[in-house]
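Undergrad:
2 protein chains.
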Amino acid sequence: MLELKDYISERFDLSDEVKKFTESISCIRNLKKGNKLITQNQLVDKTYFVLDGCLRSFVYDINGKEHTLQFALKDHWISDYIAIFSNEKSTQEVECIADSVVLEFSIEDGIESIFLSYPEIESLHRKNLERVIVSLQKRVLNQLQMSSIERYNLFLKQHKDIEKYALNYHIASYLGITQQSLSRIRAENFKKSDFLT
Amino acid sequence: MLELKDYISERFDLSDEVKKFTESISCIRNLKKGNKLITQNQLVDKTYFVLDGCLRSFVYDINGKEHTLQFALKDHWISDYIAIFSNEKSTQEVECIADSVVLEFSIEDGIESIFLSYPEIESLHRKNLERVIVSLQKRVLNQLQMSSIERYNLFLKQHKDIEKYALNYHIASYLGITQQSLSRIRAENFKKSDFLT
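Laid out in structure tokens, this is it:
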């Protein structure tokens, strides 16, 4: 069975010194479907890297309705980054929507102090932020210019096997459509695929 | 009149060595309304910091319709960051929607080589990326949960004096609403303000 240090070595290209530090602030957590890692209005001092399963971050609106910001599948990061980067309490919740295994990283001393001590981690983090910005800008642009059926099909491509884990309202609230629209889109897709076979 | 080095010293907290380097890759540009700094399908090797005026980035969809990704007012950065961070040609255009003054930074040698030589710039850039992610995540969440009138009013708060510069279709295509909806929202706002006075 793989140990913490194996997971870290496999996934992140780090010098020996930084690898040791990274191990010292992380642990493997085996989680059950339904477990919540972050709830609203808490201090956020942890960030999660998914090894297996699926997590979801979402907010509640004033009517208590949920809106999904992100699904994190294997090899993706998740936390409440608005809280971490703004140094504020959480507005998002992060929950497991399947039994999952994550690497949990504690950033209790603040990310700034980690970057000061280990510039190598700042570089990795910066590259990751750039990828996140590309993905968020594309999501904003797609929301502006694509039809809901185009966005749904792109979403499925970008989130392999997501339909094994996510409930209808998770996906609908990520795409910004009603559950009825989602059902209609699925039915249309089914008809098309049926026609093609 | 302020010179390049004054603008840089005023706005960025840099060591003398990095200040000198930053000056060496930048210049002040006085631009006219309508000037395009980036067009589709070009190599993007410049990034712009607005000193005065207003710039806009947008894409064309397959029907030639424009969709606004960003407005950059004073003290904001703009470029095609999807192109820069993905090392691809531009998909966006960047244009001046008012006479503007910008600091233009050349990143012809690639941003990676700048960060390798000047880790201080990587830190500044990383902090900026974190702010951009907070703002983009909030925009995605607002798009999911707010009404168009709420989004319009928030947009005005976040973009001081934008209505001096932006045309109706710029704003409508940023908010993802039609120009007719924008006119209706403005009329409703006007009625409310009239009622309150």
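Note that the protein sequences, when read in sequence, are chains U and E. Residue numbers in the first sequence follow the working numbering, run continuously in steps of one, and reach 207 at the last position. Residue numbers in the second sequence follow the working numbering, run continuously in steps of one, and reach 207 at the last position. Built from N, CA and C at the ideal position, the CB exists for glycine as well.
1) Can you give me, in chain order, the residues of the segment 52-80 of chain U that have a beta carbon less than 7 Å from any beta carbon in chain E?
2) Kindly list the residues whose CB is nearer than 8 Å to the CB of F115 of chain E, restricted to its own chain and excluding five residues on each side of it in sequence; keep chain order.
3) By DSSP's criteria, I48 of chain U is part of a beta bridge. Which residues make up the other side?
4) Would you call the segment 161-169 of chain E and the segment 119-137 of chain E in contact, with 3 or more CB pairs under 8 Å?
5) Can you name the residues that DSSP bridges to Y58 of chain E?
6) Does Q211 of chain E have its Cβ less than 8 Å from a Cβ in chain U?
7) For the segment 68-77 of chain E against the segment 91-108 of chain E, do three or more pairs of beta-carbon atoms, one drawn from each stretch, fall closer than 8 Å, so that the two count as touching?
8) Buried or exposed for I38 of chain U, going by 16 or more other Cβ atoms inside 10 Å?
9) Among U:N152, U:D90, U:G74 and U:C64, which one has its Cα closest to the Cα of K84 of chain U?
10) In three-state terms, what does DSSP make of S36 of chain E?
11) Would V54 of chain E and I94 of chain E be called neighbours here (beta carbons separated by less than 8 Å)?
12) Can you give the beta carbon distance from L146 of chain U to L146 of chain E, rounded, assuming they're within the 8 Å contact cut?
13) Bridge partners of H77 of chain E, per DSSP?
14) Let me know the secondary structure DSSP gives L41 of chain U once reduced to three states.
15) Alpha helix (DSSP H) containing L125 of chain U: first to last residue?
16) Nearest-angstrom Cα distance between N73 of chain E and Q80 of chain E?
17) Applying a beta-carbon distance threshold of less than 7 Å, which residues of chain E neighbour K99 of chain U?
18) Measure the C-alpha to C-alpha separation of L41 of chain U and T49 of chain U and round it to an integer number of angstroms.
19) Taking just the CA atoms, how far does I107 of chain U sit from H77 of chain E?
20) Taking 8 Å as the threshold (C-beta atoms), are V150 of chain U and A150 of chain E in contact?
21) Under a CB-based cut-off of 8 Å, is S116 of chain U close to chain E?
22) Measure the alpha-carbon distance for R21 of chain U versus G186 of chain E and round it to whole angstroms.
23) Suppose the cutoff is 8 Å on Cβ atoms and the five residues either side in sequence are ignored; what does the same chain contact list for S191 of chain E look like?
24) If the cut-off is 9 Å on Cβ atoms, which residues from the segment 142-158 of chain U count as contacting chain E, listed in chain order?
25) With 8 Å set as the bound, which would you pick, yes or no: does the beta-carbon of Y179 of chain U sit closer than that to a beta-carbon of chain E?
26) Within 10 Å of its beta-carbon, does E27 of chain E have 16 or more other beta-carbons around it, so buried, or fewer, so exposed?
27) Below 7 Å on C-beta distance, what does E140 of chain U contact in chain E?
28) Scan the segment 118-138 of chain U for residues whose Cβ lies nearer than 8 Å to a Cβ of chain E and list them as they occur along the chain.
29) Would you list the residues sitting across from A182 of chain E in a DSSP beta bridge?
30) At the 8 Å Cβ level, is G186 of chain U part of the contact set with chain E, yes or no?
31) Do Q153 of chain E and Q189 of chain U have their C-beta atoms within less than 8 Å of each other?
32) Taking C-beta pairs closer than 8 Å, name the residues in chain E that S183 of chain U reaches, listed in chain order.
33) Name the DSSP beta bridge partners of A82 of chain E, please?
34) Give the residues of chain E in contact with Y162 of chain U, contact being defined as C-beta atoms less than 7 Å apart.
35) Can you list, in chain order, the residues of its chain with a C-beta nearer than 8 Å to that of I172 of chain U? Leave out the 5 residues immediately preceding and following it.
TA: Put simply:
1) V69, D71, H77 and L79
2) Here residue 115 of chain E refers to the residue found at position 105 when the second sequence is read from its first residue. If we look at F115 of chain E and ignore the five residues flanking it on each side, its Cβ neighbours are T32, I35, S36, K56, T57, Y58 and F59.
3) As a working note, residue 48 of chain U is residue 38 in the first sequence. BP columns for I48 of chain U point to U:V104.
4) no
5) Along the second sequence, read from residue 1 onward, the residue named residue 58 of chain E stands at position 48. BP columns for Y58 of chain E point to E:I88 and E:E114.
6) Because chain E in this structure spans residues 11 to 207, residue 211 of chain E falls outside the shown range and cannot be described.
7) yes
8) The count along the first sequence starts at 1 and reaches residue 38 of chain U at position 28. Flag for I38 of chain U reads exposed.
9) Taking the first sequence and counting its residues from 1, one reaches residue 84 of chain U at position 74. With distances taken between Cα atoms, K84 of chain U lies closest to U:C64.
10) As a first step, residue 36 of chain E is located in the second sequence; it is residue number 26 there, counting from the start. It is a strand residue.
11) Position 44 of the second sequence, counted from the start, is the residue given in the question as residue 54 of chain E. Position 84 of the second sequence, counted from the start, is the residue given in the question as residue 94 of chain E. Closer than 8 Å, so yes.
12) Your numbering for residue 146 of chain U matches position 136 in the first sequence. Your numbering for residue 146 of chain E matches position 136 in the second sequence. 4 Å between Cβ atoms; contact.
13) The sequence position of residue 77 of chain E within the second sequence is 67, counting from 1. Answer by DSSP bridge pairing, in chain order: E:V69.
14) Your numbering for residue 41 of chain U matches position 31 in the first sequence. Strand, per DSSP.
15) Numbered from 1 along the first sequence, position 115 holds the residue referred to as residue 125 of chain U. Before going on, a small fix: residue 125 of chain U reads as Phe here, not Leu. Element bounds for F125 of chain U: I121 to S127.
16) For the purposes of this step, residue 73 of chain E is taken as the residue at position 63 of the second sequence. For the purposes of this step, residue 80 of chain E is taken as the residue at position 70 of the second sequence. Roughly 20 Å between the two C-alpha positions.
17) Residue numbering aside, residue 99 of chain U sits at position 89 when the first sequence is read from its first letter. Here the premise fails: no neighbours, minimum Cβ distance about 14 Å.
18) Numbered from 1 along the first sequence, position 31 holds the residue referred to as residue 41 of chain U. Numbered from 1 along the first sequence, position 39 holds the residue referred to as residue 49 of chain U. If you take the alpha carbons of L41 of chain U and T49 of chain U, they lie about 16 Å apart.
19) Position 67 of the second sequence holds residue 77 of chain E. Position 97 of the first sequence holds residue 107 of chain U. Cα to Cα, the separation comes out at about 34 Å.
20) Reading the second sequence from its first residue, position 140 is the one you call residue 150 of chain E. Reading the first sequence from its first residue, position 140 is the one you call residue 150 of chain U. A quick correction: the sequence has Val, not Ala, at residue 150 of chain E. Yes, the pair counts as a contact, with Cβ atoms nearer than the cut-off.
21) On the first sequence, position 106 is the one that residue 116 of chain U refers to. Closer than 8 Å: no.
22) As a position in the first sequence, residue 21 of chain U is number 11, starting the count at 1. As a position in the second sequence, residue 186 of chain E is number 176, starting the count at 1. Each residue's alpha carbon lies about 38 Å from the other.
23) As a working note, residue 191 of chain E is residue 181 in the second sequence. S158 and A182, listed in sequence order.
24) V142, I143, V144, L146, Q147, K148, R149, V150, L151, Q153, L154, Q155 and M156
25) Here the question's residue 179 of chain U lines up with position 169 in the first sequence. No, Y179 of chain U does not count as interfacial toward chain E.
26) In the second sequence, residue 27 of chain E corresponds to position 17, counting from 1. Exposed, since its Cβ has fewer than 16 Cβ neighbours within 10 Å.
27) Working through the first sequence from its first residue, we reach residue 140 of chain U at position 130. By Cβ distance, chain E contributes F95 and L139.
28) F125, P129, E132, S133, H135 and R136
29) The residue labelled residue 182 of chain E in the question sits at position 172 within the second sequence. None; A182 of chain E has no bridge partner.
30) Sequence index remark: in the first sequence, residue 186 of chain U carries index 176 (1-based). Yes, because at least one Cβ of chain E sits closer than 8 Å to the Cβ of G186 of chain U.
31) In the second sequence, counting from the first residue as 1, residue 153 of chain E sits at position 143. In the first sequence, counting from the first residue as 1, residue 189 of chain U sits at position 179. Not closer than 8 Å, so no.
32) Within the first sequence, numbered from 1, the residue matching residue 183 of chain U stands at position 173. Neighbours of S183 of chain U on chain E, chain order: L154.
33) What you label residue 82 of chain E is simply residue 72 of the second sequence in a count that begins at 1. In the DSSP output, where bridge partners are listed per residue, A82 of chain E has E:L65.
34) Looking up residue 162 of chain U in the first sequence gives position 152. By Cβ distance, chain E contributes nothing, its closest Cβ being about 15 Å from Y162 of chain U, past 7 Å.
35) As a position in the first sequence, residue 172 of chain U is number 162, starting the count at 1. The residues are C64, F81, L83, F165, L166 and I181.
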